[in-house]
Amino acid sequence: MYTQAMDTMGKDGGDAKALRSAEEMQRQEAFDARIDAGEFIEAKDWMPDHYRKTLLRQISQHAHSEIVGMLPEGNWISRAPTLKRKAILLAKVQDEGGHGLYLYAAAETLGTSRDQMIDALHTGRAKYSSIFNYPTLTWADMGTIGWLVDGAAIMNQVPICRCSYAPYARAMVRICREESFHQRQGYDALLTMVQQGTDAQRAMVQDAVNRWWWPSIMMFGPPDDQSPNSAQSMRWGIKRISNDTLRQKFIDATVEQAQLLGVTLPDPDLKWNEERQAHDYGAIDWSEFWRVIGGDGPCNEERLGARVKAWDDGAWVREAALAHAAKHTPVRAAA
Amino acid sequence: MTTPSSPSTPVADPAMATEWPLWEVFVRSKAGLDHKHCGSLHAADPRMAIQLARDVYTRRQEGTSVWVVRSDQIVASDPGEKAMYFDPAQDKVYRHPTFYVLPESVDHM
Chain A
1 MYTQAMDTMG KDGGDAKALR SAEEMQRQEA FDARIDAGEF IEAKDWMPDH YRKTLLRQIS
61 QHAHSEIVGM LPEGNWISRA PTLKRKAILL AKVQDEGGHG LYLYAAAETL GTSRDQMIDA
121 LHTGRAKYSS IFNYPTLTWA DMGTIGWLVD GAAIMNQVPI CRCSYAPYAR AMVRICREES
181 FHQRQGYDAL LTMVQQGTDA QRAMVQDAVN RWWWPSIMMF GPPDDQSPNS AQSMRWGIKR
241 ISNDTLRQKF IDATVEQAQL LGVTLPDPDL KWNEERQAHD YGAIDWSEFW RVIGGDGPCN
301 EERLGARVKA WDDGAWVREA ALAHAAKHTP VRAAA
Chain B
336 MTTPSSPSTP VADPAMATEW PLWEVFVRSK AGLDHKHCGS LHAADPRMAI QLARDVYTRR
396 QEGTSVWVVR SDQIVASDPG EKAMYFDPAQ DKVYRHPTFY VLPESVDHM
């Protein structure tokens with residue numbers, strides 16, 4: 001579902017170290033030439049350490065976001081208003097789990113184990129999208145997450161289908177193909193509420209939009225001039241379109257959808273700029289973004305706590321399955 | 336995947352491994368087509384691998400048949416020797432039908 005310019009969050013970025021040998025320099029040149037020619041890099045191809053590290057950080061954090069992202073919506077599965085909505089929500093949350101698995105598998109091709117990545121998440125070394133540290137207070141939040149949060153995610157993710165690292169690109173193609181239902185079902189749920197609902201339900205939709213709007217447009221990551229690693233990611237074809245460009249595209253697309261829905265977006269400065277042929281929008285509170293990423297959002301502790309508990313509680317199942325397999329699978333002779 | 340260097344390469348005693356081994360998943364999208372590699376997953380044993388492959392890779396009727404194979408059982412060519420392996424075919428243009436210029440009247444051959 002959700003990547004958010006994760007490449008800006010690593011503190012180990014930007015330190016392209018001096019190359020060691022002439023051979024390595026040659027490899028680097030050959031690698032750059034392949035990137036310039038628009039070729040894909042496969043798992044076993046030579047790649048610069050920094051490229052590997054950047055990708056590992058981005059893909060694993062993307063995977064973590066999918067998995068943690070199951071929690072805010074999972075919160076409403078048992079309380080969905082109809083059986084139809086419950087089946088839809090279940091399918092969506094299951095998709096997020098699947099997307100996390102595609103992405104973990106892609107990240108593992110870079111030489112890190114699944115357990116190492118999960119440990120990094122659980123010990124706070126790895127981040128996940130800040131959006132999931134906000135609570136889902138009402139049923140309207142489900143529709144709004146689909147419409148705005150998944151909508152922003154899709155806009156972010158489509159360019160990654162052309163990422164230079166092939167295993168990541170392939171995972172993203174699969175994800176994007178499955179994702180568009182997520183946004184549509186959300187908008188559909190909101191439409192039903194505003195068209196067939198009571199005044200209280202319409203107010204509920206507006207309230208949800210008010211709460212999710214700013215965190216959603218923060219999902220595109222910091223402004224371009226405060227995104228120091230972006231240039232390198234662009235150079236490597238990991239990132240294709242800048243944070244601000246994608247954010248603008250999302251805002252422009254969303255305004256009309258909001259009008260059709262009959263809700264307002266909570267930004268008094270949001271207005272069409274004829275000259276730019278785009279919407280102007282108000283200042284984003286980046287201190288909130290960094291605070292929530294840093295661990296001080298409304299639900300950080302709860303989300304991470306739920307993941308750690310699920311992992312710990314499931315330990316005996318993982319061990320038992322392995323023991324069962326060892327007992328029933330003939331041990332293969334060592335090669 | 337030249338060497339089975341994946342982190343989940345099984346250790347000698349499976350009971351000592353903590354991570355489920357890695358499997359590659361191949362899906363036949365419909366009868367008449369090849370199985371195609373579509374991704375990988377972790378599973379403790381073959382049955383679980385098939386079950387999880389179905390859940391993870393065929394949620395939307397993407398398949399009519401699934402194969403799984405332990406990743407450490409796949410033998411692959413060395414990407415470092417890609418040129419040596421595959422480039423020699425480059426100058427054997429006579430292996431392609433278009434190499435042969437025939438009179439127009441028989442060119443549909």
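Line by line, the protein sequences give chains A and B. With the numbering used here, letter number 64 in the first sequence gets 64, and the count goes up by one each step, no holes. One gets the numbering used here by counting positions in the second sequence from 1 and adding 335 to each. Backbone N, C-alpha and C define an ideal beta-carbon position, used for all residues, glycine too.
{"Query": "Span of the alpha helix (DSSP H) around Leu-148 (chain A)", "Result": "Where Leu-148 (chain A) is concerned, there is no enclosing alpha helix (DSSP H), given that its DSSP letter is neither H nor E."}
{"Query": "Beta-bridge pairing of Tyr-165 (chain A) - partner residues as DSSP gives them", "Result": "A:Ile-41"}
{"Query": "For Trp-358 (chain B), the first and last residue of its enclosing alpha helix (DSSP H)", "Result": "That residue, Trp-358 (chain B), is in no alpha helix (DSSP H); its beta strand (DSSP E) goes 357–363."}
{"Query": "Where the alpha helix (DSSP H) containing Ser-230 (chain A) begins and where it ends", "Result": "230–235"}
{"Query": "Gly-221 (chain A) burial status per 10 Å Cβ neighbour count (16 or more: buried)", "Result": "buried"}
{"Query": "Ser-78 (chain A) versus Ala-87 (chain A) - alpha carbon distance", "Result": "10 Å"}
{"Query": "Euclidean distance between Cα positions of Thr-344 (chain B) and Leu-71 (chain A)", "Result": "Legend: pLDDT at Thr-344 (chain B) = 44, less than 50; position of this residue unreliable, value from coordinates given subsequently. Approximately 31 Å, taken between the alpha carbons."}
{"Query": "The region 190–200 of chain A touching the region 113–128 of chain A, judged by at least three CB pairs closer than 8 Å", "Result": "no"}
{"Query": "Inter-residue spacing [alpha-carbon to alpha-carbon] between Gln-185 (chain A) and Gln-26 (chain A)", "Result": "50 Å"}
{"Query": "Residue-chain proximity (Met-1 (chain A), chain B), Cβ-Cβ < 7 Å", "Result": "Any answer about Met-1 (chain A) is weak, because its pLDDT of 48 lies below 50 and its placement is not dependable; what the coordinates show is given next. Closer than 7 Å: no."}
{"Query": "Where Trp-358 (chain B) meets chain A, residues with beta-carbon distance less than 9 Å", "Result": "The premise fails here: Trp-358 (chain B) is roughly 10 Å from chain A at the closest Cβ pair, so nothing lies under 9 Å."}
{"Query": "Beta-carbon separation (whole angstroms), Arg-307 (chain A) vs His-122 (chain A), contact threshold 8 Å", "Result": "6 Å"}
{"Query": "Presumed contact (8 Å Cβ cut-off) between Trp-212 (chain A) and Val-149 (chain A), rounded CB distance", "Result": "7 Å"}
{"Query": "Chain B within 7 Å of Leu-190 (chain A), Cβ atoms only", "Result": "no"}
{"Query": "Spatially closest choice to Phe-361 (chain B) from B:Trp-355, B:Glu-354, B:Thr-433, B:Ser-406, by CA coordinates", "Result": "B:Ser-406"}
{"Query": "Residues from the region 100–120 of chain A in contact with chain B, defined by Cβ distance under 9 Å", "Result": "Leu-101, Tyr-102, Tyr-104, Ala-105, Ala-106, Glu-108, Thr-109, Gly-111, Thr-112, Ser-113, Arg-114, Asp-115, Gln-116"}
{"Query": "Between the CA atoms of Ser-180 (chain A) and Trp-76 (chain A) - distance to the nearest angstrom", "Result": "20 Å"}
{"Query": "Spatial neighbours of Tyr-104 (chain A) in its chain, beta-carbon cut-off 6 Å, leaving aside the 5 residues before and after", "Result": "Ala-63, Arg-114"}
{"Query": "Any chain A beta carbon closer than 7 Å to Val-391 (chain B)", "Result": "yes"}
{"Query": "Which of helix, strand or coil DSSP assigns to Gly-143 (chain A)", "Result": "helix"}
{"Query": "Presumed contact (8 Å Cβ cut-off) between Ala-140 (chain A) and Leu-190 (chain A), rounded CB distance", "Result": "7 Å"}
{"Query": "Span of the alpha helix (DSSP H), counted from its first residue to its last, around Leu-55 (chain A)", "Result": "49–68"}
{"Query": "Segment contact, 8 Å Cβ cut-off, at least three pairs: the region 409–422 of chain B with the region 378–395 of chain B", "Result": "no"}
{"Query": "For His-372 (chain B), the first and last residue of its enclosing beta strand (DSSP E)", "Result": "370–377"}
{"Query": "Beta-carbon neighbours of Arg-394 (chain B), restricted to chain A and to distances below 9 Å", "Result": "Ala-91, Gln-94, Asp-95, Gly-98, Glu-178"}
{"Query": "Simplified DSSP state of His-324 (chain A), which is helix, strand or coil", "Result": "helix"}
{"Query": "Inter-residue Cα distance where the pair is His-324 (chain A) and Asp-312 (chain A)", "Result": "19 Å"}
{"Query": "Endpoints, the alpha helix (DSSP H) within which Asp-244 (chain A) is located", "Result": "243–261"}
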